[in-house]
Every structure is written in C-alpha cells, then in structure tokens.
Amino acid sequence: MAPSSSWCSMGFLRSRLFLAFLLLVCVSNGGKTFAQSASGKPNIVFILADDYGWNDIGYHGSVIRTPNLDRLAAEGVKLENYYIQPICTPSRSQLMTGRYQIHFGLQHSIIWPPQPSGLPLDEVTLPQRLKDSGYSTHIVGKWHLGFYKEEYTPTHRGFDTFYGFLTGSEHYYSHRTPGSMKGWDGLDLRDQDRPVLDQNGTYSTNLFANKAIEIIAQHDKSKPMFLYLPFQAVHGPLQAPQKYISMYRHIKDRDRRVYAAMTSVMDEAVGNITDALKQYGLWDNTVLVFSTDNGGQVLMGGNNWPLRGWKGSLWEGGIHGVGFVNSPLIKAKGRTSDALIHISDWFPTLVGLAGGSTNGTKPLDSHDVWEAISEGKPSPRKEILHNIDPLFRTIYYLPPHQWGDNTFNTSMHAAIRSGDWKLLTGYPGNGSWMPPPSSDQICEESDDPPGKHLWLFNIREDPEERTDLSKKYPLVVQELLEKLAAYKKTAVPPFYPDRDPRANPALHGDVWSPWQ
Ligand SMILES: *[C@@H]1O[C@H](CO)[C@@H](O)[C@H](O)[C@H]1NC(C)=O
Ligand SMILES: *[C@@H]1O[C@H](CO)[C@@H](O)[C@H](O)[C@H]1NC(C)=O
Ligand SMILES: *[C@@H]1O[C@H](CO)[C@@H](O)[C@H](O)[C@H]1NC(C)=O
Ligand SMILES: *[C@@H]1O[C@H](CO)[C@@H](O)[C@H](O)[C@H]1NC(C)=O
Ligand SMILES: *[C@@H]1O[C@H](CO)[C@@H](O)[C@H](O)[C@H]1NC(C)=O
0 MAPSSSWCSM GFLRSRLFLA FLLLVCVSNG GKTFAQSASG KPNIVFILAD DYGWNDIGYH
60 GSVIRTPNLD RLAAEGVKLE NYYIQPICTP SRSQLMTGRY QIHFGLQHSI IWPPQPSGLP
120 LDEVTLPQRL KDSGYSTHIV GKWHLGFYKE EYTPTHRGFD TFYGFLTGSE HYYSHRTPGS
180 MKGWDGLDLR DQDRPVLDQN GTYSTNLFAN KAIEIIAQHD KSKPMFLYLP FQAVHGPLQA
240 PQKYISMYRH IKDRDRRVYA AMTSVMDEAV GNITDALKQY GLWDNTVLVF STDNGGQVLM
300 GGNNWPLRGW KGSLWEGGIH GVGFVNSPLI KAKGRTSDAL IHISDWFPTL VGLAGGSTNG
360 TKPLDSHDVW EAISEGKPSP RKEILHNIDP LFRTIYYLPP HQWGDNTFNT SMHAAIRSGD
420 WKLLTGYPGN GSWMPPPSSD QICEESDDPP GKHLWLFNIR EDPEERTDLS KKYPLVVQEL
480 LEKLAAYKKT AVPPFYPDRD PRANPALHGD VWSPWQ
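Here you go:
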C-alpha cells in the first residue's frame, strides 16, 4: 500500500463527523407549502459543470473561492455520496436517459467530433419527457451526444431551443475546435441550427450565462421551464479573463491559477442566473441542480484530492462528483446528504417532479431519489454499475489464465459499487493520489504491482481507496464478479465507429455540422 496520509484520512473523518452533526441539528421544515406557477409544476434548472473536480469547490476546502455555489449548496442539500461517469459523453447520455451506457452502446470513450455516432434515436430523453409534461425546454451550452445527422442534434431530441456547441471541447473565445482532429478546425457555436458568427471574443461562460438569463427573462410563466445549462467551464483549454486570474496571484502553479479563475467566472455566472430567476419571479417554484459531469482533470488544473485518480478513471477521483440541489421546494433544507445517488437518477427524479411518467421508456437503470434529497429518506439506490468497457486497452500483458476464472474476465475495464463495496477490474486508469498543485503534499503513487487487475474496497470506510480487500474477502469478490457478469449479459456491443472524413468542417462552410 501507498503510505497513508494522515492529513487526508483526517479530512474525511472530520467531514463525516460534521455530516453526522448536521444530520442531528437540521430539522425538517416539511409540511410548508409553496406558491406554484400557473401550471403547478416546478421549473427545473440543471447546471452541469464540465471536468469540475472534487477539490475545486469552496465547501470541500478548496483554495478556489466559490461563494455562490457554497451559499446555494449550504441552503439546499449537498450530495456527498453522488456519482457521475468518468468522462463527458457517458455522463450526459445517462443524464438524458436514466440508463446505463452499456445498454445503448456508448460504453467506450467519448463521441469524437468526426465520428458518425450519437445517443441512439430510440432512447427517450429527459427533455422529451418534460416536454410531454408541458414544459418549455432549453439547452444552453455543450451537447456532446452526437450530431452527424440532424436527427441527433438537441432540437430533435426534446429541446425547444438550443444555443451552444455540439462537440466536446473548444476555444473559449473563438468557439472553434482546433488541432486534435487531424488538423480539422471549425466553428462550433449555434443558435438553433444556425451558426453564430458574431461572438468571436466573447468568453463562453459569460455568453452562456447571458443567454440563460435571456431565456429566463422571456419565459412565459403559464408554462413550467426546463433549462439545461451544460457549461463549457471548467474544461480545458485553460483560458480565463485576466481580471479573474489576478484574483489568484497567490497560486504559484499557472494551470491551477487559470483553472481557479475559470471556476470563479462560472461561480459568478451561477450567481447571476439565480439572481435572474429571483428577479423574474421564477425562483420560488424552481428546483436547481448543480452537478459536475466527471472528476477533475489534474493535467488541466483540476483536482480531486484526497480522492484517488482523476477524470477518465474508475477510481473515485473520476466518478465521485460534486453535486447539490437548492430549491424552496426542498422540505429539509441545509443538509448534507450521504444518500447514494447516480447521475442517471435525475431522469426519473425530475420526470417525477414534473408529474410526468416514465412509462414506455426502455428499462431504466435509475431511481427517483427526490425523497432522499428533499426529506432525507434512505436512497432507493443500493448499487451502481460504474461501467464495463471491453474496448478499453489494458496497458500490460498477462497470460490468459491469469485473468480470473470463467465468471468475468478481469482484464476488462469495469467497476461496480454495491452497498459500501466497490470492485474494480482491468486497468482503471492512473491510480495516484494527486494533491492540489502548489500545496505542500506530494503526489503519492500506489505501490500496486504492474499487471494488478482486481481491487475491492469498502468505500464508506476507505473513500480514498487505499486498502485493497480483495484477498481478505474472496466471497464478496466472487459475488461482485457475478453481478458484473450478469450486467455484461444485458449489454449491447460498444459502438465506436471510425472517424468519417466527410465530417471535416472545411466541407461545410468552416462550421462543425451534421454531415450525413
Ligand atoms: C477571432 O478574433 C481573433 C482575435 O481578435 C482573431 O485573431 C481571429 O482571426 C478571429 N477569428 C475569426 C474566425 O474571425
Ligand atoms: C454577472 O453579472 C454582472 C452584472 O451584470 C456582469 O458584470 C458579469 O459579467 C456577469 N458575469 C458572468 C459570468 O456572466
Ligand atoms: C403508467 O403505467 C401504469 C401501469 O401500466 C398506469 O397505471 C399509469 O396510468 C401509467 N401512467 C401514465 C401517466 O401514463
Ligand atoms: C480475457 O481477456 C484477455 C484479454 O482480451 C484474453 O487474452 C483472455 O484469453 C481472456 N480470458 C478468458 C478466460 O476468456
Ligand atoms: C500517474 O500520473 C502521474 C502524474 O501524471 C505520473 O507521475 C505517474 O507516472 C503516473 N503513473 C503511472 C503508473 O502511469
């Protein structure tokens, strides 16, 4: 085992004691009734931050100042046992469908811009169901669920309006996606299906916040509103207005300093949006959810300390995410919740709040967790399939007989949580503990032998994944391998097509566009 750091263990212990304390002192104000909109249904504002790490929010002790997020979380319910997927497309696809990605073929990697792929058209989406319940539905920001055919774009997947970008990352000011795609470079910013050509130079966090406020201002209050706001922030590239970078002169590491600035702009944007909801009389009947899409990217200024690993991995640093809910409709406010909740759970939870129905969707892998959030009832969720990805390349070779027995081939990149247990197989990603840059701690590498491909942790007791218990509890290992095998039987084959040269923006007026 890596040397255990008393600092970080203590940090977790402290936060657990604090949590127990909060649970004791916070009494429910249940029973109170609230003014409802003409329709009686709550407005739903879902803010999704991109690559936002566990240790990047003020209330987790970050050096980054997030006063608006801290206040909203403190007034509402902090979700401290909240899980997302390790990368962008999978988290977004599960948020939109309430289903695990193994069930629609997106279990491997992300959708790269030139790939002819997308969230399958026979999946029912969250905005579709909310629209069926009478909502006006808007997306402002990043889609990243496919666009090679027009049918895959947001306005064909349940959103009345779309202002934002279709690919996964781009320049914050020029709104272009350069470089990595074999030199392909194109504009990626749209208002409905029209390219937006006049915003070169506007920082995307301001642009999207202002667009969201415009939608709030113009909203027809006889209808409930669903506003989905997947910010570009705080995904790389590292770019922020100088004014905000100057707020963090004391952070020596340049990447961390710019990342902190990007976070501050996002925090301010969230403040502006909640102000607008109040100003236009929507707030009293609004449920605001804030969530990250995956763990922080430590190679781009993000941080998940004291969790192990980071974005892209099945270690907790990739999947144990920042999340909270604020709403006047919450019955027991000002709480920290340790209910097990997964990003897929928003589908039935929000459809439920909207008085809608999940009838006629494909089988859901998710639970309505509203009572757990609002009233502190136990979470109906006991298990999370973090993923099974048969295409993920292991970085080492073992003789075939060493990949476990016939239950589940442990060469596969997979992880499952069941109760407090978590099992990981294959290569989960880099499993170092990365402290925040410019701090006194040093990176701790694990001393797992190369080729190790099976771990068992008790996450409640060991949230930092420091003590592998797989040798000590072989029956638990066997049971979890059987669960993985059962899930694997329900999976559809991964869909990960080759890049299509016809996607090149040069063929489409310099704009990333549907090409088939
Ligand atoms: C965007 O603005 C930058 C900086 O002013 C300029 O260099 C660039 O050429 C502009 N790009 C487009 C596509 O207009
Ligand atoms: C928030 O609103 C203030 C006041 O209108 C504005 O100056 C600022 O740029 C806004 N911030 C963001 C991130 O949109
Ligand atoms: C959903 O299905 C159940 C069982 O078939 C039915 O009782 C219920 O009315 C349906 N709800 C809606 C809103 O369609
Ligand atoms: C498990 O997968 C590895 C890597 O694909 C393969 O070499 C091995 O034969 C498989 N083992 C079994 C028992 O299927
Ligand atoms: C994990 O990542 C850290 C930081 O980038 C690096 O120093 C280390 O060598 C990596 N470890 C492995 C096993 O790849």
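All letters in the sequence shown, in the order written, are residues 0 to 515 by numbering that gives the first Met the number 0.
From the three backbone atoms N, C-alpha and C, an ideal C-beta is built for every residue, glycine too.
For residue i, write down the residues that DSSP places opposite it in a beta bridge.
i      : result
ASN386 : ALA414
PHE289 : ILE46 and PHE323
LEU78  : SER336
TYR162 : VAL139 and ASP190
TYR227 : PHE45 and ILE138
PHE456 : LYS421
THR176 : GLY185
HIS341 : TYR82
VAL510 : LEU186
GLU443 : TRP432
Roughly how many angstroms lie between the CA atoms of residue i and residue j, to the nearest whole one?
i      : j      : result
TYR82  : GLY320 : 5 Å
LYS526 : ASN408 : The shown model of the chain, from 0 to 515, leaves out residue 526, and the question about it has no answer.
MET95  : ARG156 : 10 Å
THR406 : GLN106 : 20 Å
ILE340 : ASP364 : 12 Å
ASP439 : ARG465 : 20 Å
ARG175 : SER378 : 42 Å
PRO473 : LEU480 : 10 Å
GLU443 : ASP467 : 16 Å
ARG416 : SER336 : 18 Å
LEU21  : PRO194 : Because the pLDDT at LEU21 is just 38, under 50, the model does not fix this residue reliably, and the value given afterwards should be weighed accordingly. Those two C-alpha atoms are separated by around 49 Å.
LEU298 : GLY359 : 42 Å
ASP367 : ASP344 : 6 Å
ASN199 : ALA260 : 20 Å
THR115 : GLY375 : Rather than Thr, the amino acid found at residue 115 in this sequence is Pro. The alpha-carbon atoms of PRO115 and GLY375 are separated by roughly 43 Å.
TRP183 : GLN296 : 24 Å
GLN35  : ARG380 : Because the pLDDT of GLN35 is 47, which lies under 50, any placement of that residue in the model is unreliable, and the number read from its coordinates should be weighed accordingly. Near 29 Å, if we compare the C-alpha coordinates of ARG380 and GLN35.
MET246 : ARG255 : 12 Å
ARG128 : PRO448 : 48 Å
GLN232 : PRO112 : Residue identity check: residue 232 is Ala in the sequence provided, not Gln. Cα to Cα, ALA232 sits roughly 19 Å from PRO112.
THR357 : TRP369 : 15 Å
ASN271 : LEU71  : 12 Å
TYR99  : ARG248 : 42 Å
SER373 : LEU281 : 19 Å
Measuring CB to CB, does residue i end up less than 8 Å from residue j?
i      : j      : result
TYR51  : PRO126 : no
ASN67  : VAL269 : yes
PHE230 : ASP49  : yes
THR393 : GLY351 : no
SER173 : HIS234 : no
PRO327 : ASP283 : yes
LEU422 : VAL476 : yes
ILE109 : GLY117 : no
VAL288 : VAL76  : no
PHE207 : GLY140 : yes
GLY355 : ASP131 : yes
GLY97  : PHE494 : no
HIS218 : TYR134 : no
Identify, in the order they occur along the chain, each residue of the same chain with its Cβ nearer than 7 Å to the Cβ of residue i, setting aside the five sequence neighbours on each side.
i      : result
GLY317 : PRO85, ASN293, GLY294, GLY308, TRP309, LYS310, GLY311 and GLY428
SER90  : ILE83, GLN84, ASP292, ASN293 and ILE342
GLY185 : ARG175, THR176, PRO504, ASP509, VAL510 and TRP511
TYR486 : ILE101, LEU384 and ILE387
GLY418 : LYS381
TYR243 : ALA260, SER263 and VAL264
GLY450 : TYR395 and LEU397
Who are the near neighbours of residue i in its chain, counting only those whose CB is closer than 8 Å to its CB and skipping five residues on each side?
i      : result
GLY57  : ILE63, ARG64, THR65, PRO66, LEU68 and ASP69
ASP190 : PHE161 and TYR162
LEU453 : GLY403, THR409, LEU422, LEU423, THR424, SER469 and VAL476
THR154 : THR160, PHE161, GLN191 and ASP192
PRO513 : PHE146, TYR147, LYS148, GLU149, TYR151 and THR152
VAL257 : LEU237, GLN238, ALA239, ILE244 and GLY300
ASP497 : GLN114
Which same chain residues, not among the five before or five after residue i, have their C-beta less than 6 Å away from its C-beta?
i      : result
GLY322 : LEU78, TYR81 and SER290
TYR151 : GLY117 and GLY145
PHE45  : TYR227 and VAL288
ILE101 : ILE387 and ALA490
PHE456 : LYS421 and GLU464
ILE138 : PRO153, PHE158, PHE161 and TYR227
Segment contact, 8 Å Cβ cut-off, at least three pairs: the stretch 503-513 with the stretch 424-438: no
The stretch 115-132 in contact with the stretch 206-218 per 3-pair CB rule at 8 Å: no
Sufficient close CB pairs (3 or more, under 8 Å) joining the stretch 231-243 to the stretch 255-272: yes
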